[in-house]
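For reference, the structure is listed below as structure tokens.
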Amino acid sequence: MKFSSVKGLKESLAGCLLGQAVGDSLGLPCEGLSPDRIAVLFPLPLRQRLVFGRGMVSDDTEHAALTALAYHESKGSPTEFGIALARNLRWWLAAFPGGVGYATLRALCKSWLGWSPASSGVLSAGNGPAMRGTVLGVLAGEDFEAMKELVKVSTRLTHLDPRAEVGALAVAWAARNSRLTFGLGLSPGLSPRLSPEAANAELTELLSPLQAGSELLELIRRAAESAFKKESAAEFAAAIGSRRGVSGFMFHTVPVVFQVLFAYPGDLKGALTAIISAGGDADTTGAILGGIMGAGLGSDGIPKEWVDRLVDWPWNPASLERLAAAIANKLPTVGVPFWGFQLARNLFFLAVILTHGLRRLAPPY
Ligand SMILES: [Mg+2]
């Protein structure tokens, strides 16, 4: 299956990055909360509420941008990509990001101490690699083998559990399929260009040779069934063992993302509302879902009120759009933001998160 033109790549990548950033910023205030607590504290409609009605982004957006940059710097060569991504993530960690998963923290410390990208990972099935999977699907999804290799390199840099890799690959596939719908007037979802049977066959062919692939395929089958029965994302999460919101375990996060993709084809507002209302790791679930759907919608398809309320640096709607344009046009980019500025931003972010955390302890209950 051929991807469209340079313009198609620019629009789709910008949509993916922006959708991911918007999902991240909308989910961030709800991170770690139960669905009941979210319903009381943050009544719908969904909007950014981190600080004065504005939203900021976390690791979920930063990793996607740094992964796209590493792909660009390495021109898609897997070895070079691993080296570039490890370097980008090491400096990202050195600026004390507000949110970093435990496995990612340990792996990047190993990377600083000299471990190679192929050996720095730790045994974890956390959802970190999934947030880097969306852009790889958009950038490399034209060739399944290339996409698989890049997802493998990106995953093993931090996570060694086979479930982490197969989950990230499923996310990349979904984003790749979403990109294929861009500009065709199809509602971006999982497989509008394919019959459900053909989509299932494609995903089965991709995942089943991998360890834990069959287990994930079964969870995705249950996700489709659950969406068909019109269960909520929270009900489905509970049914697969994640009771207090959607956990950061790859085999909780990814099946719930698929359940919502099945339930809300082409409806980004409905989809993000559903997945963030399900609570738990809401910034990451929102980010992954936003990234996948954004790849099909393009940046013009992301609701303007959400884009306008995303105020951050260095990653904001304008800079993500510039990054996508530079990559699509194979231009040199400015690279990663200067460490000192990033550190200052992260200290501010930390203060915002702490203030917000205190606010969440207060009524209404
Ligand atoms: Mg996060």
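Heads up, the sequence shown stops at 364 in numbering that gives the first Met the number 0, and the numbers go up one at a time, no gaps.
Even for Gly, the Cβ is constructed at its ideal location relative to N, Cα and C.
Keep in mind it's a predicted model, so treat the numbers as computed, not measured.
Hey, residue i and residue j: beta-carbon distance below 8 Å or not?
{"i": "Leu-104", "j": "Leu-88", "result": "no"}
{"i": "Gly-295", "j": "Ser-194", "result": "no"}
{"i": "Ala-327", "j": "Lys-9", "result": "yes"}
{"i": "Met-130", "j": "Ile-352", "result": "no"}
{"i": "Ile-239", "j": "Pro-254", "result": "yes"}
{"i": "Gly-289", "j": "Gly-18", "result": "yes"}
{"i": "Ala-174", "j": "Gly-132", "result": "yes"}
{"i": "Pro-116", "j": "Ile-82", "result": "yes"}
{"i": "Ser-298", "j": "Phe-181", "result": "no"}
{"i": "Ala-13", "j": "Leu-319", "result": "yes"}
{"i": "His-355", "j": "Pro-28", "result": "yes"}
{"i": "Leu-206", "j": "Val-165", "result": "yes"}
{"i": "Trp-338", "j": "Ala-63", "result": "no"}
{"i": "Pro-316", "j": "Val-306", "result": "yes"}
{"i": "Asp-266", "j": "Val-56", "result": "no"}
{"i": "Gly-285", "j": "Cys-15", "result": "no"}
{"i": "Leu-40", "j": "Arg-344", "result": "no"}
{"i": "Glu-148", "j": "Pro-77", "result": "yes"}
{"i": "Gly-113", "j": "Leu-156", "result": "no"}
{"i": "Leu-216", "j": "Phe-250", "result": "no"}
{"i": "Thr-332", "j": "Thr-283", "result": "no"}
Measuring straight from C-alpha to C-alpha, what distance separates residue i and residue j?
{"i": "Val-245", "j": "Pro-336", "result": "32 Å"}
{"i": "Arg-36", "j": "Tyr-364", "result": "7 Å"}
{"i": "Glu-61", "j": "Ser-225", "result": "32 Å"}
{"i": "Leu-43", "j": "Gly-269", "result": "11 Å"}
{"i": "Phe-51", "j": "Ala-223", "result": "38 Å"}
{"i": "Val-21", "j": "Gly-334", "result": "22 Å"}
{"i": "Gly-140", "j": "Ser-153", "result": "15 Å"}
{"i": "Gly-54", "j": "Leu-25", "result": "7 Å"}
{"i": "Val-170", "j": "Phe-80", "result": "19 Å"}
{"i": "Ser-118", "j": "Gln-258", "result": "33 Å"}
{"i": "Thr-272", "j": "Gln-341", "result": "30 Å"}
{"i": "Glu-261", "j": "Leu-218", "result": "The sequence shown places Phe at residue 261, not Glu. When rounded, the distance between both Cα atoms is 13 Å."}
{"i": "Gly-58", "j": "Gly-98", "result": "Note that residue 58 is Asp in the sequence shown here, rather than Gly. Approximately 6 Å between the Cα atoms of the pair."}
{"i": "Leu-202", "j": "Glu-196", "result": "10 Å"}
{"i": "Phe-248", "j": "Glu-72", "result": "30 Å"}
{"i": "Ala-233", "j": "Leu-138", "result": "31 Å"}
{"i": "Phe-347", "j": "Glu-230", "result": "39 Å"}
{"i": "Lys-303", "j": "Ala-324", "result": "20 Å"}
{"i": "Asp-142", "j": "Leu-135", "result": "11 Å"}
{"i": "Arg-321", "j": "Leu-330", "result": "10 Å"}
{"i": "Ser-241", "j": "Ile-291", "result": "22 Å"}
{"i": "Asn-199", "j": "Trp-172", "result": "11 Å"}
{"i": "Glu-30", "j": "Ala-361", "result": "16 Å"}
{"i": "Pro-264", "j": "Pro-208", "result": "28 Å"}
{"i": "Ala-167", "j": "Val-256", "result": "12 Å"}
Between residue i and ligand 2, is the CB less than 7 Å from at least one heavy atom?
{"i": "Ser-118", "result": "With respect to small molecules bound, the structure shown includes ligand 1 and not ligand 2."}
Is residue i a contact residue of ligand 1, with contact defined as CB to any heavy atom under 7 Å?
{"i": "Thr-154", "result": "no"}
{"i": "Ala-142", "result": "Looking at the sequence itself, residue 142 is Asp, so the reference to Ala does not match. Checking every heavy atom of ligand 1 against the Cβ of Asp-142, none is found closer than 7 Å."}
{"i": "Ser-57", "result": "yes"}
{"i": "Thr-133", "result": "no"}
{"i": "Gly-98", "result": "yes"}
{"i": "Asp-307", "result": "no"}
{"i": "Thr-180", "result": "no"}
{"i": "Thr-252", "result": "no"}
{"i": "Thr-78", "result": "no"}
{"i": "Thr-284", "result": "no"}
{"i": "Asp-299", "result": "no"}
Tell me, please, which residues DSSP counts as bridged to residue i.
{"i": "Val-50", "result": "Arg-53"}
{"i": "Leu-309", "result": "Gly-54"}
{"i": "His-158", "result": "Val-121"}
{"i": "Phe-248", "result": "Gly-125"}
### Touch test, the region 33 to 51 against the region 67 to 81, Cβ-Cβ under 8 Å, three pairs minimum
Counting Cβ pairs under 8 Å, fewer than three are found: no touch.
### Query
Is it a yes or a no for the region 116 to 131 touching the region 89 to 97, going by three-plus beta-carbon pairs under 8 Å?
Short answer: they don't touch.
### Three or more C-beta pairs below 8 Å linking the region 272 to 288 and the region 153 to 168
The region 272 to 288 vs the region 153 to 168: no contact.
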